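Q: I am attaching a structure below and will ask some questions about it afterwards.
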Amino acid sequence: MNQEMAAKSALFRGIGEKELSVALNNLQVSEMQFKKDESIFRAGSKTDKLGLVTGGSVRIESNDVWGNRTILSHIGPGQFFAETYAILEKEPMLVDAIANENSTILFLHTENLKEPALRGEKWAVKILTNLLMITARKNLALSGRSFHTSPKTIRGKVLAYLNSVALKEGSRRFDIPFDRQQLADYLNVERSALSKELGKMKREGLILVNKNHFELQEETEIG
Numbered sequence: 035m036n037q038e039m040a041a042k043s044a045l046f047r048g049i050g051e052k053e054l055s056v057a058l059n060n061l062q063v064s065e066m067q068f069k070k071d072e073s074i075f076r077a078g079s080k081t082d083k084l085g086l087v088t089g090g091s092v093r094i095e096s097n098d099v100w101g102n103r104t105i106l107s108h109i110g111p112g113q114f115f116a117e118t119y120a121i122l123e124k125e126p127m128l129v130d131a132i133a134n135e136n137s138t139i140l141f142l143h144t145e146n147l148k149e150p151a152l153r154g155e156k157w158a159v160k161i162l163t164n165l166l167m168i169t170a171r172k173n174l175a176l177s178g179r180s181f182h183t184s185p186k187t188i189r190g191k192v193l194a195y196l197n198s199v200a201l202k203e204g205s206r207r208f209d210i211p212f213d214r215q216q217l218a219d220y221l222n223v224e225r226s227a228l229s230k231e232l233g234k235m236k237r238e239g240l241i242l243v244n245k246n247h248f249e250l251q252e253e254t255e256i257g
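Read in order, the letters of the sequence shown correspond to residues 35 to 257 in my numbering.
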């Protein structure tokens, strides 16, 4: 088990080494490996555990009965997913969690955090506080996605997304976590139309792009 990764994660911020061992024991931590595109959680299922990515990455997506896919977020190493469903363990999941590449996941059961005997423990209070912060950041990220998909044109959507990544990275040069199809699914556009628009933007000197690496040129507004 990658205990070092867990110790550095946002969930255990402010928790000492001794408390960490107690916390991990009470959270019944287990580790599993998943192959690329393998399902971790499926929509409609219920869970009492959240996942911490210690290797690889996970994508959160919505798939409807007609086969349409919308990618909602990308979860990288050190980040969590399914924490809301783990706390509300009787609530069916509305999304799928899929291994974006060969990945290693630590699962932590949250049920014991609800036990009256543990609520007064300092480590439990810290974890619940950290969970609140993690959830707040997730909500912020999801609201950010609405800004990426709200423009009416494909170019508008692309620029809105690239703008936010550039601001977050503090650089006009960056890698995005999506391949071309995943980016299309994230922005809710057709892949062919997206590729065509990226080609136009490149020819017009707005961007440089090579696979998932982007460079915004001086003429490109980034806020």
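Glycine included, every Cβ here is placed at the ideal spot set by N, Cα and C. If you're wondering where the values come from, they're calculated on a predicted model, not measured in any experiment.
Considering only the beta carbon of each residue, do A200 and L250 sit closer than 9 Å?
A: Contact: yes.
Q: So, with DSSP's three-state summary, where would you put H226?
A: Reading off the sequence shown, one finds Ser at residue 226, where the question assumed His. Helix.
Q: Please determine if the region 84-99 and the region 126-135 are in contact, where contact requires at least 3 C-beta pairs separated by less than 8 Å.
A: Yes, the region 84-99 is in contact with the region 126-135.
Q: Per DSSP, which residues does I139 bridge with? Please list them.
A: I139 is bridged to M66, V87.
Q: Tell me whether the region 120-129 and the region 56-73 touch, counting them as touching only if at least three CB pairs, one residue from each stretch, are closer than 8 Å.
A: Output reads no: the region 56-73 does not touch the region 120-129.
Q: Taking A57 as the reference, which of K234, A158, V243 has the closest Cα?
A: Checked all of K234, A158, V243; the closest Cα to A57 is A158.
Q: So, F114 versus L84, is the Cβ gap smaller than 9 Å?
A: Against a cut-off of 9 Å, the Cβ pair of L84 and F114 comes out as a contact.
Q: Tell me whether the beta-carbon of F141 lies closer than 9 Å to the beta-carbon of M235.
A: No, the pair does not count as a contact, with Cβ atoms beyond the cut-off.
Q: Determine the burial state of G204: buried for a count of at least 16 other Cβ atoms within 10 Å of its Cβ, exposed for fewer.
A: With fewer than 16 other Cβ atoms within 10 Å, it is exposed.
Q: Give me the Cα-Cα distance between I256 and N197, rounded to the nearest whole angstrom.
A: Note that I256 has pLDDT 48, beneath the 50 cutoff, so the model's placement of it is unreliable and no number is given.
Q: I need the boundaries of the alpha helix (DSSP H) containing N197, first residue and last residue.
A: Its alpha helix (DSSP H) spans residues 188-203.
Q: Quick one: Cα of I52 to Cα of T88, how far?
A: According to the sequence provided, residue 52 is Lys. The question's Ile does not apply to it. Going by the C-alpha atoms only, they are around 21 Å apart.
Q: If we ignore side chains and look at the alpha-carbon of each, how far apart do E145 and T81 end up?
A: Answer to the nearest angstrom: the Cα atoms are 10 Å apart.
Q: Is the beta carbon of Y195 less than 9 Å from the beta carbon of L106?
A: It is not a contact, given that the beta carbons lie outside the stated cut-off.
Q: So what does DSSP say about T104, is it helix, strand or coil?
A: DSSP places T104 in strand when its eight states are reduced to three.
Q: Who are F248's beta bridge partners in DSSP?
A: Paired residues: F208, V243.
Q: Is E117 helix, strand or coil when you go by DSSP?
A: It is helical.
Q: Under the three-state reduction of DSSP, which class applies to I168: helix, strand or coil?
A: If DSSP states are grouped into helix, strand and coil, I168 belongs with the helices.
Q: Quick one: what's got a C-beta closer than 8 Å to N164's C-beta in the same chain, skipping five residues either side?
A: Excluding positions up to five away in sequence, the list reads A44, L45, F46, R47, G48.
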